[in-house]
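Note sheet for the following structure.
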Amino acid sequence: MRNKSRHSDIIPALIFLLPGLILFALFFLGPMAYSLRISFFEWKIVHPERSIFVGFENYQRALSDPIFQRAVLNTLAYTVITVVVKMILGLSVALLLNQQLPGRTFFRVAYYLPVITSWVIVSLLFEYMFNGQAGLVNYVLKDFLHLIPKDILWFADEYLTLVPIILLDIWKGIGWAAIIFLAGLQSIPAELYEAARVDGADSITQLRYITWPLLGPTTVFLVVVLVIGGLNAYVPFQLMTNGGDPLDLTHSVLTLMYEATFGRLDFGYGAAISYLLTGFVFFISLIELRLMRQRAD
Amino acid sequence: MNRKSQRNFDKVVKLTVLTLGLGLVLLPIWYMIITSFKPQTMIFELPPRLWPQVWTLKNYIAALGKDKFGLYFLNSAKVAVISTLLTVLISSMLAFVFARLRFRGKETLFYIFLLGMMVPPVMLIIPQFIVAKWLNLFNHTGLILVYTAMNISMQTFLLRGVFENVPRDLEEAALIDGGGPWTIFWRIILPLSWPGISVVIINTFLYSWEEFAWANVAIKNSSQRTLPIAIALFQSEHLTEWGQVFAASLVALVPVLIIFIIFQRHFVQGISTTGLKG
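Right, here's the structure in full:
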């Protein structure tokens, strides 16, 4: 191999890279850079040349805006709760599905069904089920389980609105976490478990000392992707809160960005919010990847 | 004997837990299905029933006959199929470069592509809007190009893992026979990576079939609308006609279901080959 080390495939590589590179530059890298520029201006969409440079003012405005702070809190709460619950339930389902049980394929497909439904559709569905007057959820809680004295108006309250949104994400996301965990489980060599059994280890011990450590990379991958997805939540917030109802208290970071940009045409402010979010996502992902490397060593 | 019955008991417990969980998972979908068959007067009946007293097809007839539903469906199908094909082709070409070819700066370039996994797609809507305005792309071509661009990073990352697992000896044989990189890519790597490619197909078809945020700003002409936009608008225009909303939604789910059933056989195996394994 050593004599090959100076060999370079740059010509074929360029040909293979070209289509992807052009598309990526035009619709991803270019927009990223342009967005950064916009975030430093009071941007005029119709006459960009009349935009006024304002330095970091858009960023300062966002950070000191109580509506933005509230959106950040909503998004963080949503992300932490949904990621933790999806990881736990996803792993449980995967462990069950990884055994010789009748109907395994059926269960696997059925648990994955919510994943392939579209966000728009299931957001509307949960809005209907959590309807304040005659929704299924209120009926079960009030008339069936007698847990609440009267109907709850889920979407009229700044905190309760988050309940259907969070439950929706968990419901829709368990299947995906389970499938990724399952793929990880299936790549663990069966001999390890046999050896452990010969040594008299019970299933809890096997889980603790074989399954969990060997699932490390899968777990980190899931956490990284799920956290990115959570911080970027948009459709369920947009549809179930009508973009921040009541009183702009229920925004996610991205619905607020969307409203600032396309509702108030405040493009500079919207771009600044985007960059704050991206910076945060990037920072969190780096920390998670650093932790992964530590675990691997 | 005792041990065997213990194991059987174990199995029954596990199956029961799985079935109960499945009931919770499927309940909302079931509720959507039966609501789509309820007459409008029973949509908010008390108590809500999980088995309608009266079944009707009226919602389907009304929803499908309304607002050019067929056209929106075809729009979505066209956009999703072309985006998926384009993403599979472009991502696998990129992944081939990162998995097999060697040149300076390859790792750096790979990490630049990975940036795409971290940046929220919605954040790019503003500048993409400006690019699309500049290139006159407020149409299906604009949707397809943006969907492909937004999917490239993740799918290239997955496929690189898949391609790295294809044994190299096969390529040596092709090289001796005088085959170039294209032959290796097209004749050896791609055919052997089918499970991984299935995962990419399911991922991108799903994304482009249901994408809402970009389509919502990029499509102004109502005859070019895709289904998610049409369904969301439909719900806000016909506020309480939930039966029709769900009838339309269920029809919109059919293509995704078909794609998933066709490709799911390879799904778990495919994910294991992407290198996400433990």
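Protein chains in written order, with numbering that gives the first Met the number 0: chain A, 0 to 296; chain B, 0 to 277. Quick reminder that beta carbons are idealized off the backbone N, C-alpha and C, glycines included.
Under 8 Å between the Cβ atoms of residue i and residue j?
i: Ile-151 of chain B; j: Phe-95 of chain B; result: no
i: Trp-170 of chain A; j: Val-24 of chain B; result: yes
i: Ile-32 of chain B; j: Trp-50 of chain B; result: no
i: Leu-226 of chain B; j: Tyr-71 of chain B; result: yes
i: Leu-253 of chain A; j: Leu-123 of chain A; result: no
i: Ser-197 of chain B; j: Val-165 of chain B; result: no
i: Gly-229 of chain A; j: Thr-78 of chain A; result: yes
i: Thr-81 of chain A; j: Ile-165 of chain A; result: yes
i: Asn-97 of chain A; j: Thr-249 of chain A; result: no
i: Leu-255 of chain A; j: Ile-66 of chain A; result: yes
i: Ala-173 of chain B; j: Ile-187 of chain B; result: yes
Please report the distance separating the alpha-carbon of residue i from that of residue j.
i: Ser-251 of chain A; j: Phe-129 of chain A; result: 20 Å
i: Met-0 of chain A; j: Glu-106 of chain B; result: In this prediction, Met-0 of chain A scores a pLDDT of 40, lower than 50, which makes its location untrustworthy; no coordinate-derived value is stated.
i: Pro-245 of chain A; j: Glu-157 of chain A; result: 6 Å
i: Trp-185 of chain B; j: His-139 of chain B; result: 29 Å
i: Leu-264 of chain A; j: Phe-39 of chain A; result: 15 Å
i: Phe-266 of chain B; j: Thr-104 of chain A; result: 11 Å
i: Leu-299 of chain A; j: Ala-229 of chain B; result: In the structure as shown, chain A starts at 0 and stops at 296, and residue 299 of chain A therefore has no counterpart that could be examined.
i: Ile-261 of chain B; j: Trp-181 of chain B; result: 28 Å
i: Leu-167 of chain A; j: Ser-4 of chain B; result: 39 Å
i: Gln-268 of chain B; j: Pro-126 of chain B; result: 38 Å
i: Met-31 of chain A; j: Pro-11 of chain A; result: 28 Å
i: Thr-204 of chain A; j: Asn-7 of chain B; result: 21 Å
i: Ala-61 of chain B; j: Glu-240 of chain B; result: 10 Å
i: Gly-277 of chain B; j: Gly-115 of chain B; result: With a pLDDT of only 35 at Gly-277 of chain B, under 50, the local geometry of the prediction cannot be trusted, and no value is derived from it.
i: Ile-209 of chain A; j: Ala-217 of chain B; result: 50 Å
i: Leu-28 of chain A; j: Ile-187 of chain A; result: 38 Å
i: Leu-56 of chain B; j: Gly-242 of chain B; result: 10 Å
i: Ile-257 of chain B; j: Tyr-59 of chain B; result: 20 Å
i: Ser-248 of chain B; j: Leu-95 of chain A; result: 31 Å
i: Val-161 of chain B; j: Ile-124 of chain B; result: 31 Å
i: Ile-183 of chain B; j: Phe-259 of chain B; result: 29 Å
i: His-145 of chain A; j: Leu-152 of chain A; result: 16 Å
i: Asp-9 of chain B; j: Val-92 of chain A; result: 15 Å
i: Phe-233 of chain B; j: Ile-120 of chain A; result: 11 Å
i: Ile-175 of chain B; j: Glu-163 of chain B; result: 20 Å
i: Leu-108 of chain B; j: Glu-258 of chain A; result: 34 Å
Please compile the residues from chain A whose C-beta is within a distance smaller than 9 Å of the C-beta of residue i.
i: Gly-177 of chain B; result: Residues of chain A passing the Cβ test: none, with the nearest at roughly 15 Å.
i: Tyr-30 of chain B; result: Leu-124, Tyr-127, Met-128 and Leu-135
i: Ala-212 of chain B; result: Tyr-233, Val-234, Gln-237, Leu-253 and Tyr-257
i: Ile-151 of chain B; result: Gly-19, Leu-22, Phe-23 and Phe-27
Could you tell me which chain B residues have their CB closer than 9 Å to the CB of residue i, listed as they occur along the chain?
i: Trp-170 of chain A; result: Leu-23, Val-24 and Pro-27
Quick one: which chain A residues come within Cβ less than 7 Å of residue i?
i: Lys-10 of chain B; result: Leu-100
i: Ile-322 of chain B; result: Outside the shown range of chain B, which is 0 to 277, sits residue 322 of chain B, and nothing can be said about it.
i: Ala-76 of chain B; result: Those do not exist, as Ala-76 of chain B stays about 14 Å from chain A at its closest Cβ, beyond 7 Å.
i: Trp-241 of chain B; result: Tyr-127
i: Phe-259 of chain B; result: Ile-115
Taking the alpha carbon of residue i as the point to measure from, which residue in the options has its own alpha carbon closest?
i: Arg-103 of chain B; options: A:Leu-290, A:Ile-9, A:Leu-238 and A:Gly-262; result: A:Ile-9
i: Leu-161 of chain A; options: A:Phe-266, A:Leu-16 and A:Arg-69; result: A:Arg-69
i: Ile-42 of chain B; options: A:Arg-107, A:Trp-42, A:Tyr-127 and A:Val-79; result: A:Tyr-127
i: Ser-35 of chain B; options: B:Tyr-110, B:Val-250, B:Ile-257 and B:Phe-259; result: B:Val-250
i: His-6 of chain A; options: B:Arg-99, B:Gly-115, B:Asn-220 and B:Thr-225; result: B:Arg-99
i: Leu-275 of chain A; options: B:Phe-109, B:Pro-46 and B:Val-118; result: B:Val-118
i: Arg-48 of chain B; options: B:Ser-91, B:Tyr-110, B:Ile-89 and B:Pro-27; result: B:Pro-27
i: Val-244 of chain B; options: B:Asp-9, B:Arg-159 and B:Gly-64; result: B:Gly-64
i: Leu-45 of chain B; options: A:Gly-269, A:Arg-107 and A:Asp-150; result: A:Asp-150
i: Lys-224 of chain B; options: B:Lys-37, B:Leu-73, B:Leu-21 and B:Ile-129; result: Checking the displayed sequence, the identity of residue 224 of chain B turns out to be Arg instead of Lys. When each option's Cα is compared against that of Arg-224 of chain B, the closest is B:Leu-73.
i: Phe-154 of chain A; options: A:His-145, A:Leu-20, A:Gly-131 and A:Leu-184; result: A:Gly-131
i: Tyr-110 of chain B; options: B:Met-153, B:Leu-14, B:Trp-213 and B:Asn-220; result: B:Met-153
i: Lys-43 of chain A; options: A:Asp-64, A:Tyr-268, A:Phe-26 and A:Ile-147; result: A:Tyr-268
i: Trp-213 of chain B; options: A:Phe-26, A:Pro-216, A:Leu-285 and A:Pro-212; result: A:Phe-26
i: Leu-21 of chain B; options: A:Gly-262, A:Gly-89 and A:Phe-266; result: A:Gly-89
i: Ala-246 of chain B; options: B:Leu-19, B:Gln-39 and B:Lys-13; result: B:Gln-39
i: Ile-143 of chain B; options: B:Phe-97, B:Met-92 and B:Glu-209; result: B:Glu-209
Using a cut-off of 7 Å between C-beta atoms, extract the partners of residue i located in chain B.
i: Ala-194 of chain A; result: Under the 7 Å cutoff, chain B gives no residues; its nearest Cβ is about 17 Å from Ala-194 of chain A.
i: Leu-238 of chain A; result: Ala-231
i: Trp-118 of chain A; result: Glu-209 and Phe-211
Who are the neighbours of residue i on chain A, taking C-beta pairs under 8 Å?
i: Glu-236 of chain B; result: Those do not exist, as Glu-236 of chain B stays about 13 Å from chain A at its closest Cβ, beyond 8 Å.
i: Gly-115 of chain B; result: Phe-23 and Phe-27
i: Leu-70 of chain B; result: Chain A residues near Leu-70 of chain B: none, gap ~18 Å exceeds 8 Å.
Taking only beta-carbon positions, decide if residue i is within less than 8 Å of chain C.
i: Ile-89 of chain B; result: Any reference to chain C falls outside this structure, whose protein chains are A and B.
What does residue i touch in chain B if you count any residue whose Cβ is under 8 Å from its own?
i: Ile-178 of chain A; result: Phe-266, Val-267 and Ile-270
- Message: Can you confirm whether the region 191 to 211 of chain B touches the region 67 to 83 of chain B when touching is taken to mean that 3 or more C-beta pairs between the two stretches lie within less than 8 Å?
- Response: Yes: the two stretches touch, three or more of their Cβ pairs being nearer than 8 Å.
- Say whether the region 216 to 225 of chain A touches the region 134 to 142 of chain A, bearing in mind that this needs 3 or more beta-carbon pairs closer than 8 Å, one atom from each stretch. Contact between the region 216 to 225 of chain A and the region 134 to 142 of chain A is absent, with fewer than three C-beta pairs closer than 8 Å.
- Message: If contact is defined by three or more beta carbon pairs under 8 Å, each pair taking one atom from either stretch, is the region 164 to 184 of chain A in contact with the region 96 to 113 of chain A?
- Response: Yes, the region 96 to 113 of chain A touches the region 164 to 184 of chain A.
- Segment contact, 8 Å Cβ cut-off, at least three pairs: the region 177 to 197 of chain A with the region 50 to 60 of chain A: With the cut-off at 8 Å, the region 177 to 197 of chain A and the region 50 to 60 of chain A do not touch.
- Is it true that the region 262 to 281 of chain A meets the region 89 to 104 of chain A, where meeting means three or more beta-carbon pairs spaced less than 8 Å apart? Using a C-beta cut-off of 8 Å, the region 262 to 281 of chain A makes no contact with the region 89 to 104 of chain A, since fewer than three inter-stretch Cβ pairs fall below that distance.
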